[in-house]
Amino acid sequence: MKLGNTRADERVVPGPGAGDGAGHTPARRPKAGPAPRRQIPGFVLSWGLFLILVGMWQLVVRAFGVSIVLVPAPSDVVRSLVDGLQSGFLLEHMWITLKEILIGFGLAIGLALVSAGLITQFRIVDKAFLPILVLIQTIPKVAMAPLLLMWFGIGMTSKVLTIALIAYFPLLVNSILGLRSAEHEQIEMLRSFGASEFQIMRRLRVPMALPHIFAGLDVAVILSVTGAVVAEFVGATGGLGYTIQATNFNMDVARTFAVVVMLSVIGMSLHAVVVTANRWLVFWAPSRKEHARDL
Amino acid sequence: MPTPSHPPTVTDTAVELHHITMRYKAKRGRTVLALDGVSLTVPEGQFLSIVGPSGCGKSTLLKIIMGLTRQSEGEVAFGPARDHENLLGMVFQQPLLLPWRTVAKNMTISHDVGPRRPRADLDERVAEQLDMLGLRDFADQYPSELSGGMQQRVGIGRALLHDPRILLMDEPFGALDAMTRDQMGLDLLDIWERDRKTVLFVTHSIPEAVLLSDRVVVMTPRPGRIAEVIDVDLARPRRLEVINTPEFGEIASRIRVLLNSEHSAH
Chain F
1 MKLGNTRADE RVVPGPGAGD GAGHTPARRP KAGPAPRRQI PGFVLSWGLF LILVGMWQLV
61 VRAFGVSIVL VPAPSDVVRS LVDGLQSGFL LEHMWITLKE ILIGFGLAIG LALVSAGLIT
121 QFRIVDKAFL PILVLIQTIP KVAMAPLLLM WFGIGMTSKV LTIALIAYFP LLVNSILGLR
181 SAEHEQIEML RSFGASEFQI MRRLRVPMAL PHIFAGLDVA VILSVTGAVV AEFVGATGGL
241 GYTIQATNFN MDVARTFAVV VMLSVIGMSL HAVVVTANRW LVFWAPSRKE HARDL
Chain A
1 MPTPSHPPTV TDTAVELHHI TMRYKAKRGR TVLALDGVSL TVPEGQFLSI VGPSGCGKST
61 LLKIIMGLTR QSEGEVAFGP ARDHENLLGM VFQQPLLLPW RTVAKNMTIS HDVGPRRPRA
121 DLDERVAEQL DMLGLRDFAD QYPSELSGGM QQRVGIGRAL LHDPRILLMD EPFGALDAMT
181 RDQMGLDLLD IWERDRKTVL FVTHSIPEAV LLSDRVVVMT PRPGRIAEVI DVDLARPRRL
241 EVINTPEFGE IASRIRVLLN SEHSAH
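Sequences listed follow chains F and A, in order.
Here the UniProt record's numbering is used: the first residue of the first sequence is 1, the next is one more, and so on.
Here the UniProt record's numbering is used: the first residue of the second sequence is 1, the next is one more, and so on.
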């Protein structure tokens, strides 16, 4: 949560200065930007606030002698973090969780794209499957985690499937919306050159869908981290979610915080990958705000 | 093979419409008659405009010729050029450019979809086309960097690149401001003078229709019928000054009277 705040600001403010990194991408923004005014860049403000909050946290914990079992001071968390990283303990468990997320997320992307393709291309599939999928969507997916554990065992499979299940629906809905977002006139334009259905799909529908698909990816990538933690809570032999439970049990709260930091590192990195890919592939989209959704 | 064995003469027909009727289902099960028995013969190389009030089905007529919509009754027949692989090209009201493609890439979309079209010297043809449209320096720009008028120019270039025999234009300048509009009309005439394609040009601007056309088809409000076909015998090549001649004024006012009487009859 504490790190999450900065994430939003860093992204929404690609203003002069902050957007240097994207200068060499094919991104083209409208030339008529707001006149450059003297302003403190957003990331300075958010990082400043973040540091102030951490400083206050440290002060309060030390001043009132709060027990380390209740709330550790930031310095304790950092010490535990460095410790865990040096011993390889944190990285080992992070790798387990990351692997689960990558496979589960990949599975969800593949399934969502294929089913969105079928639903938008074939009316029969649309009519038969979409109501069922909407119905399934109303089930809280985390409720399925214990069942999946029972069916697929304590190993990686149950985690991967929980993640895929959670990430699937936002991806599916956005992909369907995206594949349907091409305007009728644009389709007629391609038809006037004799385009086939497949060519319309490839040259128009799929590129048009990309901004929507990336909006879905952005939501799904954060959800899949949650999914991984929940699935490991339910039962696991390794991973960051498992580690949180273990450290909690040992009342090693500083380490629990360290694990939370590692989790948000995963979340932020995956999010950054999605945002970067979006910038490269959807450089032409008129407004980025529309799909820079925050979770 | 695709070109006719004899040189096109004035008598060759580009397209013939036989009693085209268009009905469609509206709300509450009502049937709307959009086009009612439209018959028309367009000779090859003619610039023909279709004017009429909005909703008279003039755009629908172009879509029927293009094959984008199927008429309820009637028949569209093409002349000797009917086997030409690139018979038709269409310019739409909106530029409809693909924002992820550069100007040059938008022009060559005709070679990325549809039947396989020869790509030999495609780059030179694109360059030539861009030159003609005054877009030489914009080949690698994206559509969002262009003004509305320039975008529509790309739309015209896109429809011309595969060199169709018949060009259908559906209010191509409708979304542009008056100044740009006049200039675009004159530029279109310049382009047309080079190879005199058959053009079917839908507009609701009377001066535009008279300035550009050999013949003007005046249509009635819904259901769309042909009220009258008027010949425009103004000398070519035409300049903007022709608008101030009495002949021009006379033809324009005849069309205006026709449109008004059709309006008041309803």
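Backbone N, C-alpha and C fix where the C-beta goes; we use that ideal spot for every residue, glycine too.
- Spatial neighbours of Met262 of chain F in its own chain (CB-CB distance under 7 angstroms, excluding positions within 5 residues in sequence) are listed in chain order as Leu90, Met94, Leu240.
- Of all alpha-carbon atoms in A:His162, A:Asp137, A:Arg153, A:Gly89, the one lying nearest the alpha-carbon of Met184 of chain A is that of A:Arg153.
- Under a criterion of Cβ atoms nearer than 7 angstroms, the residues of chain A adjacent to Met189 of chain F are, in order, Phe92, Leu96.
- Remark: fewer than three beta-carbon pairs, one from each stretch, lie closer than 8 angstroms, so the region 63-74 of chain A and the region 220-230 of chain A are not flagged as touching.
- Here the region 208-225 of chain F lies against the region 270-286 of chain F, with 3 or more beta-carbon pairs under 8 angstroms apart.
- Residues of chain A with a Cβ closer than 7 angstroms to the Cβ of Pro74 of chain F do not exist; the shortest Cβ-Cβ separation is about 46 angstroms.
- Three or more beta-carbon pairs drawn from the region 161-171 of chain A and the region 80-87 of chain A are found closer than 8 angstroms, and the two stretches are therefore classed as touching.
- Rounded to the nearest whole angstrom, the C-alpha separation of Phe129 of chain F and Phe214 of chain F is 23 angstroms.
- Taking the CA atoms as reference points, Pro146 of chain F sits about 38 angstroms from Arg279 of chain F.
- For Phe47 of chain A, the enclosing beta strand (DSSP E) starts and ends at 47-51.
- Contact of Leu223 of chain F with chain A is not assigned, every C-beta pair being separated by 9 angstroms or more.
- Residue A:Met169 holds the alpha-carbon nearest to the alpha-carbon of Leu61 of chain A among A:Met169, A:Glu250, A:Ala178, A:Ile206.
- The shortest C-alpha to C-alpha distance from Asp76 of chain F to any of F:Ile96, F:Glu92, F:Gly55 is the one to F:Gly55.
- Secondary structure of Leu200 of chain A (DSSP, three-state): strand.
- Neighbours of Leu68 of chain A in chain F, taken as residues at a C-beta separation under 8 angstroms, are given in chain order as Glu188, Arg191, Ser192.
- Following the DSSP letters along the chain, one finds Leu133 of chain A in no alpha helix (DSSP H), marked with neither H nor E.
- Secondary structure of Asp170 of chain A (DSSP, three-state): strand.
- Around the Cβ of Lys197 of chain A, a 10 Å sphere holds 16 or more other Cβ atoms; the residue is buried.
- Annotation: Ile226 of chain A to Ser39 of chain A spans about 8 angstroms, alpha carbon to alpha carbon.
- As the crow flies, the alpha-carbon of Arg205 of chain F is around 19 angstroms from that of Ser144 of chain A.
- The beta strand (DSSP E) runs lying completely inside the region 143-188 of chain F and spanning 3 residues or more number zero.
- Under the 8 angstroms Cβ criterion, the region 139-159 of chain F counts as touching the region 222-234 of chain F, having at least three qualifying pairs.
- Contacts with chain A at 9 angstroms (Cβ-Cβ) include Leu204 of chain F.
- Within the model, the alpha-carbon separation for Leu70 of chain F versus Ala63 of chain F is close to 15 angstroms.
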